[in-house]
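First to last, the sequence lines map onto chains F and Y. This note's numbering numbers the first residue of the first sequence as -16 and each following residue consecutively. This note's numbering numbers the first residue of the second sequence as 7 and each following residue consecutively. Beta carbons are placed, not taken as given, at the ideal position from N, Cα and C, and that holds for glycine.
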Amino acid sequence: GGTAQPHDEL
Amino acid sequence: MNIFRLCGDMSHLAAIIILLLKMWKTRSVAGISGKSQILFATVFTARYLDLFTSFISIYNTCMKVFFIGTVYFTIYLIYMKFKATYDSNHDSFRVEFLIVPVGGLAFLVNHEFAPLEIIWTFSIYLESVAILPQLFMISKTGEAETITSHYLFALGSYRALYLCNWIYRYYAEGFFDLIAVVAGVVQTILYCDFFYLYITKVMKGKKISLPA
Chain F
-16 GGTAQPHDEL
Chain Y
7 MNIFRLCGDM SHLAAIIILL LKMWKTRSVA GISGKSQILF ATVFTARYLD LFTSFISIYN
67 TCMKVFFIGT VYFTIYLIYM KFKATYDSNH DSFRVEFLIV PVGGLAFLVN HEFAPLEIIW
127 TFSIYLESVA ILPQLFMISK TGEAETITSH YLFALGSYRA LYLCNWIYRY YAEGFFDLIA
187 VVAGVVQTIL YCDFFYLYIT KVMKGKKISL PA
């Protein structure tokens, strides 16, 4: 699961 | 943004400030692993390359700039300003044993085979193990100053709070990032032994000292 850029966390 | 994420970020921020204050007030970097700090600098630099490609929020940008700025300042204090107090003999963890496998894994297991994404993935994997030189140093010297323990507790709590954030986000937003979650679990597990020592010793007013 999950997506590539952009990532919104630090 | 949710309460877990905010607390996690504040904990991360607190860790960095505690470390800087410890070094600045005591004019010493004794007990601090320069290698872990170099790994954290690598982590922040690699992950926050997106400062140039995507804008998330003012908060996000400010935190990224602060993290990058302070980690390089920390390295400057360790290797230049307070070099005389740096215990390089005990900071002997072989970081190539972390960098090489983590780099290979980032190439193989990622969300998208694109340069920036692979670099982001590398930073996530590297962060999960970046504290190992610091923990290795403590196991070698057999002790940690109380202020160093506070630093490690805040730093470890940050990713543990992110785990709560990811559980929340999964139910609230359907957000689920397997790479970040698995790395976050690994990162948190590495701190468990330390958390136990922190709760049983430091919180009772004793400093951490390991049996020889």
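Contact under 9 Å by Cβ, residue i with residue j
| i | j | result |
| --- | --- | --- |
| Y:L196 | Y:E149 | no |
| Y:A112 | Y:I125 | yes |
| Y:A84 | Y:F50 | Contrary to the premise, residue 84 of chain Y reads as Ile rather than Ala in this sequence. For Y:I84 and Y:F50, no; Cβs fall outside 9 Å. |
| Y:G37 | Y:T147 | yes |
| Y:Y164 | Y:H18 | yes |
| Y:I173 | Y:N116 | no |
| Y:G14 | Y:L167 | yes |
| Y:L55 | Y:L122 | yes |
| Y:I144 | Y:I214 | yes |
| Y:S155 | Y:Y204 | yes |
| Y:S42 | Y:P139 | yes |
| Y:M29 | Y:T76 | no |
| Y:F200 | Y:F159 | yes |
| Y:M7 | Y:Y65 | yes |
Range covered by the alpha helix (DSSP H) that runs through residue i
| i | result |
| --- | --- |
| Y:I62 | Counting along the chain, Y:I62 falls outside any alpha helix (DSSP H), and DSSP gives it neither H nor E. |
| Y:D15 | 9 to 32 |
| Y:T194 | 184 to 206 |
Residue i beta carbon near the ligand PLP (any heavy atom closer than 8 Å)
| i | result |
| --- | --- |
| Y:S163 | Here there are no bound small molecules, and the ligand PLP is not part of this structure. |
Residue i (DSSP reduced to helix, strand or coil)
| i | result |
| --- | --- |
| Y:A150 | strand |
| Y:S39 | coil |
| Y:I125 | helix |
| Y:I173 | helix |
| Y:I137 | coil |
Considering only residues of the segment 42 to 111 of chain Y, which uninterrupted beta strand (DSSP E) runs meet the minimum length of 3 residues and lie entirely inside it, listed in chain order? Complete beta strand (DSSP E) runs here, min 3: none at all.
Of the residues that make up the segment 119 to 134 of chain Y, which ones have a beta carbon closer than 8 Å to any beta carbon in chain F? A120, L122, E123, W126
For the segment 56 to 75 of chain Y, which residues have a CB atom closer than 9 Å to at least one CB atom of chain F, in sequence order? Residues of the segment 56 to 75 of chain Y with a C-beta atom less than 9 Å from some C-beta of chain F are D56, T59, S60, F61, I62, S63, N66, M69, K70, F73, listed in chain order.
Closer than 9 Å, Cβ to any Cβ of chain F: which residues of the segment 88 to 105 of chain Y, in chain order? none
Name, going along the chain, the residues of the segment 182 to 210 of chain Y whose beta-carbon falls closer than 8 Å to a beta-carbon of chain F. For the segment 182 to 210 of chain Y, the set of residues with a beta-carbon nearer than 8 Å to any beta-carbon of chain F comprises F182, D183, L184, I185, A186, in chain order.
Under 9 Å, CB to CB, which of the residues in the segment 138 to 160 of chain Y have a partner in chain F? none
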